[in-house]
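Student: Next up is a structure, given as structure tokens.
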Amino acid sequence: MASDGPNPYTHLLSEVKIGDKTYKYYDLTALKDTRYERLPFSIRVLLESAIRNCDNFQVKENDVESILNWEKNQTDPKGVEVPFRPSRVILQDFTGVPAVVDFAAMRDAVKKLGGDPENINPICPADLVIDHSVQVEFSRTRTGDDPGGGGSLAGQPCGRCVNYGQPGCISSAQRGMRTSSRLNSRLRRARGSSAHISRSHPASPMVTSRATSPTVFSPSPSNLSQQSVQQPIYLVPTSPPVNGTVMVGVQQPWAFQPATSTEPNQLPTMVTNLTLGDSVGGMANYQCQPVQYTAMVPGYQPPLYPTPHPAQIGLPQHHSYYTGSPYIQYHGSNTGSRPTTPEPRQLSDLEKCQTVDMEDISLRPRWSQRSRQMPSTRRRPGGSEDSASMSDTSSTKSDASQTPSLRLSMSSLPSPLDVPGIPIQDEVCPFHERQSEWSNALQKNQELEFERNRERFVFLKWGAQALQNMLIVPPGSGIVHQVNLEYLARVVFEQDQILFPDSLVGTDSHTTMINGLGVVGWGVGGIEAEAVMLGQAVSMVLPKVVGYRITGNLSPLATSTDVVLTITKHLRQVGVVGKFVEFYGPGVQQLSLADRATISNMCPEYGATIGFFPVDTTTIGYLRQSNRDEAKIAQIEAYLKAVRMFRDFSDASQDPVFSEKVELDLADVVPSVSGPKRPHDRVAVSAMRDDFLQCLGNKVGFKGFGIPADQHEKTVPFVYEGKEYTLKHGSVVIAAITSCTNTSNPSVMLGAGLLAKNAVEAGLNVVPYIKTSLSPGSGVVTHYLQHSGVTPYLQKLGFDIVGYGCMTCIGNSGPIPEPIVEAIEKNDLVCCGVLSGNRNFEGRIHPNTRANYLASPLLVIAYALAGRVDIDFEKEPLGHNDAGEAVFLRDIWPSRETIQAVEQEHVVPAMFKDVYARITTGNERWNKLEAPQGKLYPWDSSSTYIKSPPFFEGMTKEVPTVSGIIDAHVLLHLGDSVTTDHISPAGSIARNSPAARFLAARGLTPREFNSYGSRRGNDAVMARGTFANIRLVNKFIGKAGPRTIHIPSGEELDVFDASERYKEEGRPVIILAGKEYGSGSSRDWAAKGPFLLGVRAVIAESYERIHRSNLVGMGIIPMQYMEGQNATTIGLTGKETFTINLPEELTTGMVVTVQVSGGCSFDALVRFDTEVELAYFKHGGILNYMIRKMCQ
11 MASDGPNPYT HLLSEVKIGD KTYKYYDLTA LKDTRYERLP FSIRVLLESA
61 IRNCDNFQVK ENDVESILNW EKNQTDPKGV EVPFRPSRVI LQDFTGVPAV
111 VDFAAMRDAV KKLGGDPENI NPICPADLVI DHSVQVEFSR TRTGDDPGGG
161 GSLAGQPCGR CVNYGQPGCI SSAQRGMRTS SRLNSRLRRA RGSSAHISRS
211 HPASPMVTSR ATSPTVFSPS PSNLSQQSVQ QPIYLVPTSP PVNGTVMVGV
261 QQPWAFQPAT STEPNQLPTM VTNLTLGDSV GGMANYQCQP VQYTAMVPGY
311 QPPLYPTPHP AQIGLPQHHS YYTGSPYIQY HGSNTGSRPT TPEPRQLSDL
361 EKCQTVDMED ISLRPRWSQR SRQMPSTRRR PGGSEDSASM SDTSSTKSDA
411 SQTPSLRLSM SSLPSPLDVP GIPIQDEVCP FHERQSEWSN ALQKNQELEF
461 ERNRERFVFL KWGAQALQNM LIVPPGSGIV HQVNLEYLAR VVFEQDQILF
511 PDSLVGTDSH TTMINGLGVV GWGVGGIEAE AVMLGQAVSM VLPKVVGYRI
561 TGNLSPLATS TDVVLTITKH LRQVGVVGKF VEFYGPGVQQ LSLADRATIS
611 NMCPEYGATI GFFPVDTTTI GYLRQSNRDE AKIAQIEAYL KAVRMFRDFS
661 DASQDPVFSE KVELDLADVV PSVSGPKRPH DRVAVSAMRD DFLQCLGNKV
711 GFKGFGIPAD QHEKTVPFVY EGKEYTLKHG SVVIAAITSC TNTSNPSVML
761 GAGLLAKNAV EAGLNVVPYI KTSLSPGSGV VTHYLQHSGV TPYLQKLGFD
811 IVGYGCMTCI GNSGPIPEPI VEAIEKNDLV CCGVLSGNRN FEGRIHPNTR
861 ANYLASPLLV IAYALAGRVD IDFEKEPLGH NDAGEAVFLR DIWPSRETIQ
911 AVEQEHVVPA MFKDVYARIT TGNERWNKLE APQGKLYPWD SSSTYIKSPP
961 FFEGMTKEVP TVSGIIDAHV LLHLGDSVTT DHISPAGSIA RNSPAARFLA
1011 ARGLTPREFN SYGSRRGNDA VMARGTFANI RLVNKFIGKA GPRTIHIPSG
1061 EELDVFDASE RYKEEGRPVI ILAGKEYGSG SSRDWAAKGP FLLGVRAVIA
1111 ESYERIHRSN LVGMGIIPMQ YMEGQNATTI GLTGKETFTI NLPEELTTGM
1161 VVTVQVSGGC SFDALVRFDT EVELAYFKHG GILNYMIRKM CQ
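Numbered by this note's numbering, the letters in the sequence shown go through residues 11 to 1202 in order.
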């Protein structure tokens, strides 16, 4: 994105020919400046941006010189301010909705001030991924046999036949070894020629197997009651067909309806000469609505593997199919009358898993929006024309009157549009004794997501139409950072045939995940991001760059999660807040791109601005694996080599100058978790038991719960689903494989699947009351989990796919069963959540999990199997098998070699191609939303989701006069590490909170409250939710809770109610805080909320970088105690009044005196760090600044 003004560096423009195209680029090597070669690779990106955007207005030649002179300037104690114009902005919906609300409100304000509202548009390209709205309301879903119908319950779903992987079963692991022509020829001989339809596409017969007719027996209304109407047998592929075509059967559930025209005992016979779009009807007699079949024709590319030939993507040309053995086969007549009692026989192992050529598949379903169910391929399972099969569950419940149709349940499935390009496999199988229904949880969560968030989604869809230069990715597509990594990232931008590095800022602190791909980017506040979208540069202090040298190799038991937790603790100890971290050294080559992304993802947890891995050959390999265009890959490699931004980590001569260096030998990394309340409190798994027990008795703090010693062994019985269990301190009640940190990494995800497989085969299981869930970061994950064959084992342990988005890690964990809640609360138990996330602050994951541990997906499963965290895996078994033998974690832990082999075979480019081919159009619910038209949004005054904010009320074109703060009361007196979760929670709305009272007064029930995160477009809700976290500790109260003291009256009130009282009295308020105020997620409402509460200033010991910037952006003064001082050393109780006099001429880094009632005073540093921040504050905030600028 070039600036409009004349650029003094156009002489650096050079040309490069890549393929048959010629591009231009700013050749930094043409500077002929030795300082460039010494710059860290991350600083070279800042330099290129400054040179390309230099207009001597926003970006000046002095700024270019300051960056070139980084080696000297980075040590300047005052800091050297430089501008940075990123290539793009990325948002998620929690922060994206308020951003679009602000854009809509700014358009209104500009119009009122006489300007053109259409000037308010993103100038810098913006991508918004809707990923934070889905919650884990349903996980282990009830089956159709269960009267409860659904919920977070203990149904055990499955996905394959019981003999999968066993001798005699042609499993995915054996695929290609037994794809014999003998099986296929046997199948063809049994079918007979009459089973074929048109062969305009080579060999496309109907798959009926041992049949002379494609007709399948169906129940007759004369001999079956409504309740006993069942379905025919279905064939389901063990992996998605390469050419994408499957033949379908009928949808369910059936609702009996008398026959009217066609033969009641027959499904329609397939016809010949079908073309794309043709329908084959005749199904209405047995269903509430017709089922249609859509024919496939050559050249059609459906949402599976749209690759013309399997060999091109390394897949076998034959695929195993299964019907869920051991089925029992029945024989009966196909006459429409009640058949004679059949004689059962067991299918042979050969018949249990038939192999079918891809050419044997002919049709796909046309989806019914109403029923939302996906029929699988219908197949004649037996050796005769009128045979039918059933599973062990159906055989125990059926009698002669139900044969030959029998009881064979199929769970309801969403359309492929509910899942990012994933064909859901689902069937009944005695692998468990219950129906496979993992997709039911997924569908229910997604349906509830749309039900709750329809207003927000309609509003965002308006934004997609009304705002230029903005891409909005619909819900259900994945987590923003994983979608960014796998699809959105350009690595190198091309604009007007000029090449330049991809770079970005994002409204989520974990934007840094993209650093692992060699893209410079970091999280900023939503307010600052809006300014960048409007063409403003980011103002930043030239950072120090810490070189983090990696050597050695990982031990066989360690994972990338263990590496990042180790690095997080290490860099927290080093101290890297406000600094860049750049990784180098020979050990980097041992890390996959996904491993690097995992490390970069947790950059906010170790406190740095970025955690950067320059582009190298591993990056290029990942781009190919993720299906980037070859021409684009060639462009990336050629450009980066030309400007010397392409890295060879084995070449020490390329090592740049760093501010300081630290080192990690990968061999020193051991299996680890972090917790119980902070992500940088790493604990070796070998020490976990002792550490938890110590935390239990420690005084309340980050590593303590204050439980008396005589209560440590307390056990509490409770009844769940009719069975008694016990809870104790350390019991696991939530186990979630979640978060972009790990779900983007195939090694740990497949490792978890293989661990689950080994656990199931060893006879282990997870107790049903633990809320287990799996929320992949994109549909690619589901593809390779299914394709590798581990999905059914994850399902067996309760790790059902529950949604595609940021779920448990953000606090969208949903409810846990009421008996567990009651047992925890009544007995003051410290129960635990274990998750593969990046944040575990107290109160974030779930109100009833006081201890939360971050762990690899493998360890999430391990602790779920154990049911507790106070276990020594070396000495204590996970459980016992059916023979009573102890099973230890070491017995089921998959080897690194096995994981790598599975990953290499099953993570292929076609998966990425499939998922992202429909990224913006693949959600049918989204497609059907009707959004308002027009450039100005028609606000609905009755909406509790979207509301025009009051930020610009009474605004004038003139800049207001800056005034001091007189006799302010303290609204809250807080301690250290108050997070943005404490300030502006994203989770559920408590029923006794001010926000709940506000919503209830408008007729909403608690079920309709949704979460704070989903209501960020409504300031009335968000103001009431500010400081509403139940784990907030206010020193005025002395215990956790969202309460404070109204100082003049001494009355204890909710924080919002106290702020309203102060407003009525005309009194300003401030906040006192300790260290790391505002740490955690980059939430703009953590600044907007306090602004609406009337907070004029915050005085803290230190700030998290993004939050401090957000405070300035809302016109709140961030002040900092002088070194060595805090409220305690000064002697402040917080019940005083405070006067802060600001000078007429504000400067960066100024110190002011704070007058305290009673005659006390102290000096404090005003944290306006840049001239731009001063300008924002003078205007009353960054958005006010932009509106005035647009009206000039």
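Where a beta carbon is used, it is the ideal one built from N, C-alpha and C, also for glycine.
Using 10 angstroms around the beta-carbon of residue 6, count the other beta-carbons present and answer buried if the total reaches 16, otherwise exposed.
Tutor: Past the edges of the chain, shown from 11 to 1202, lies residue 6, and the structure says nothing about it.
Student: Smallest Cα separation from residue 1241: which of 1159, 523, 135?
Tutor: Since the displayed the chain opens at 11 and closes at 1202, residue 1241 lies outside it and no answer follows.
Student: When burial is assigned at 16 or more other CB atoms within 10 Å of the CB, is residue 491 buried or exposed?
Tutor: As a position in the sequence shown, residue 491 is number 481, starting the count at 1. Buried, by the Cβ-count rule.
Student: Please say whether residue 782 and residue 59 have beta carbons closer to each other than 8 Å?
Tutor: Within the sequence shown, the letter at position 49 stands for residue 59. Within the sequence shown, the letter at position 772 stands for residue 782. Contact flag unset, no.
Student: When DSSP builds the beta bridges, which residues end up paired with residue 675?
Tutor: One-based indexing of the sequence shown puts residue 675 at position 665. Beta-bridge pairing links residue 675 to 561.
Student: Assign residue 1106 to buried or exposed, taking buried as 16 or more other Cβ atoms, counted over all protein chains shown, within 10 Å of its Cβ.
Tutor: Position 1096 of the sequence shown, counting from 1, holds the residue named residue 1106. Buried, because 16 or more other Cβ atoms sit within 10 Å of the Cβ of residue 1106.
Student: If distances are taken between C-alpha atoms only, which option among 116, 115, 63, 79 comes closest to residue 94?
Tutor: Mapped onto the sequence shown, residue 94 falls at position 84. Answer by Cα proximity: 63.
Student: Indicate the three-state DSSP secondary structure (helix, strand or coil) for residue 1128 in the structure shown.
Tutor: Here residue 1128 corresponds to residue number 1118 of the sequence shown, with the count starting at 1. Here residue 1128 sits in strand by DSSP.
Student: Here's the rule I'm using: 16 or more other beta-carbon atoms within 10 Å means buried, otherwise exposed. How should residue 705 be labelled?
Tutor: Within the sequence shown, the letter at position 695 stands for residue 705. It is buried - the Cβ of residue 705 has at least 16 other Cβ atoms within 10 Å.
Student: Determine the direct distance from the alpha carbon of residue 777 to that of residue 1119, and round the result to whole angstroms.
Tutor: Sequence index remark: in the sequence shown, residue 1119 carries index 1109 (1-based). Sequence index remark: in the sequence shown, residue 777 carries index 767 (1-based). When rounded, the distance between both Cα atoms is 46 Å.
Student: So for residue 1136, helix, strand or coil by DSSP?
Tutor: Taking the sequence shown and counting its residues from 1, one reaches residue 1136 at position 1126. Coil.
Student: Count the C-beta pairs between the segment 549-564 and the segment 636-652 that are closer than 8 Å, then say yes if the count reaches three, no if not.
Tutor: With the cut-off at 8 Å, the segment 549-564 and the segment 636-652 do not touch.
Student: To the nearest angstrom, how far is the alpha carbon of residue 690 from that of residue 615?
Tutor: The count along the sequence shown starts at 1 and reaches residue 690 at position 680. The count along the sequence shown starts at 1 and reaches residue 615 at position 605. Roughly 7 Å separates the two Cα atoms.
Student: For residue 573 and residue 562, what's the separation of their Cα atoms in angstroms?
Tutor: Walking along the sequence shown from the start, residue 573 turns up at place 563. Walking along the sequence shown from the start, residue 562 turns up at place 552. In a straight line, the C-alpha of residue 573 is about 12 Å away from that of residue 562.
Student: DSSP state of residue 793, grouped into three classes?
Tutor: On the sequence shown, position 783 is the one that residue 793 refers to. Helix at residue 793.
Student: My output table needs one value for residue 467: the three-state DSSP class, helix, strand or coil.
Tutor: Your numbering for residue 467 matches position 457 in the sequence shown. If DSSP states are grouped into helix, strand and coil, residue 467 belongs with the helices.
Student: Please classify residue 714: does DSSP put it in a helix, a strand, or coil?
Tutor: Position 704 of the sequence shown, counting from 1, holds the residue named residue 714. It is a strand residue.
Student: Which same chain residues, not among the five before or five after residue 860, have their C-beta less than 6 Å away from its C-beta?
Tutor: Position 850 of the sequence shown, counted from the start, is the residue given in the question as residue 860. Taken in chain order, the residues that qualify are 840.
Student: Would you check if the distance between the CB atom of residue 146 and the CB atom of residue 813 is smaller than 8 Å?
Tutor: On the sequence shown, position 136 is the one that residue 146 refers to. On the sequence shown, position 803 is the one that residue 813 refers to. Yes; because the gap between Cβ atoms is below 8 Å, this pair is in contact.
Student: Does the beta-carbon distance from residue 789 to residue 925 come in below 8 Å?
Tutor: Within the sequence shown, numbered from 1, the residue matching residue 789 stands at position 779. Within the sequence shown, numbered from 1, the residue matching residue 925 stands at position 915. Yes, the pair counts as a contact, with Cβ atoms nearer than the cut-off.
Student: Residue 734 bridges to which residues according to DSSP?
Tutor: Mapped onto the sequence shown, residue 734 falls at position 724. Answer by DSSP bridge pairing, in chain order: 729.
Student: Any idea what DSSP makes of residue 520, helix, strand or coil?
Tutor: The residue labelled residue 520 in the question sits at position 510 within the sequence shown. Reduced to three states, the DSSP call for residue 520 is helix.
Student: What do you get for residue 1098, buried or exposed, if any count of 16 or more other CB atoms within 10 angstroms of its CB means buried?
Tutor: Within the sequence shown, the letter at position 1088 stands for residue 1098. With 16 or more Cβ atoms within 10 Å of its Cβ, residue 1098 is classed as buried.
Student: Is residue 867 buried or exposed, if buried means 16 or more other CB atoms sit within 10 Å of its CB?
Tutor: Counting from one through the sequence shown, the residue named residue 867 turns up at place 857. So residue 867 counts as buried.
Student: Looking at the secondary structure, which residues open and close the alpha helix (DSSP H) in which residue 770 lies?
Tutor: Counting from 1 along the sequence shown, the entry for residue 770 is found at position 760. Per DSSP, residue 770 belongs to the alpha helix (DSSP H) from 756-771.
Student: Mind checking who residue 35 pairs with in its DSSP beta bridge?
Tutor: Within the sequence shown, residue 35 is the residue found at index 25, counting from 1. DSSP, once it has assigned bridges, lists 24, 509 as partnering residue 35.
Student: Pairs of beta-carbons, one from the segment 762-773 and one from the segment 799-811, closer than 8 Å: are there three or more?
Tutor: Cβ pair count under 8 Å is three or more, so yes.
Student: List the whole-angstrom C-beta distance separating residue 1027 from residue 955, where the pair is believed to meet the contact cut-off of C-beta under 8 Å.
Tutor: Against the sequence shown, residue 1027 aligns to sequence position 1017. Against the sequence shown, residue 955 aligns to sequence position 945. Yes, residue 1027 and residue 955 are in contact; Cβ-Cβ is about 6 Å, under 8 Å.
Student: Taking C-alpha atoms, which residue in 537, 820, 642, 533 lies nearest to residue 30?
Tutor: Taking the first residue of the sequence shown as position 1, residue 30 is located at position 20. It is 642.
Student: First and last residue of the alpha helix (DSSP H) that includes residue 102?
Tutor: Residue numbering aside, residue 102 sits at position 92 when the sequence shown is read from its first letter. It is not in any alpha helix (DSSP H) - residue 102 instead sits in the beta strand (DSSP E) that spans 98-102.
Student: When you compare the segment 533-550 with the segment 567-581, are there three or more beta-carbon pairs, one atom per stretch, that lie closer than 8 Å?
Tutor: Too few Cβ pairs lie closer than 8 Å, so no.
Student: Between 982, 876, 584, 35, which has its C-alpha nearest residue 1082's C-alpha?
Tutor: Stepping through the sequence shown from its first residue, residue 1082 is reached at position 1072. Checked all of 982, 876, 584, 35; the closest Cα to residue 1082 is 982.
Student: Using 10 angstroms around the beta-carbon of residue 757, count the other beta-carbons present and answer buried if the total reaches 16, otherwise exposed.
Tutor: Position 747 of the sequence shown holds residue 757. By the neighbour-count rule (16 or more Cβ atoms within 10 Å), residue 757 is buried.
Student: As a quick exercise: from 527, 550, 728, pick the residue whose alpha carbon is nearest that of residue 494.
Tutor: Within the sequence shown, residue 494 is the residue found at index 484, counting from 1. Here the closest residue by C-alpha is 527.
Student: By DSSP, does residue 477 sit in helix, in strand, or in coil?
Tutor: Residue numbering aside, residue 477 sits at position 467 when the sequence shown is read from its first letter. Residue state, collapsed to three classes: coil.
Student: Check the C-beta distance from residue 1123 over to residue 1191 and give it rounded, since I have them as a contact under 8 Å.
Tutor: Along the sequence shown, one-based indexing puts residue 1123 at 1113. Along the sequence shown, one-based indexing puts residue 1191 at 1181. Indeed, because the Cβ distance is near 6 Å, the residues count as touching under 8 Å.
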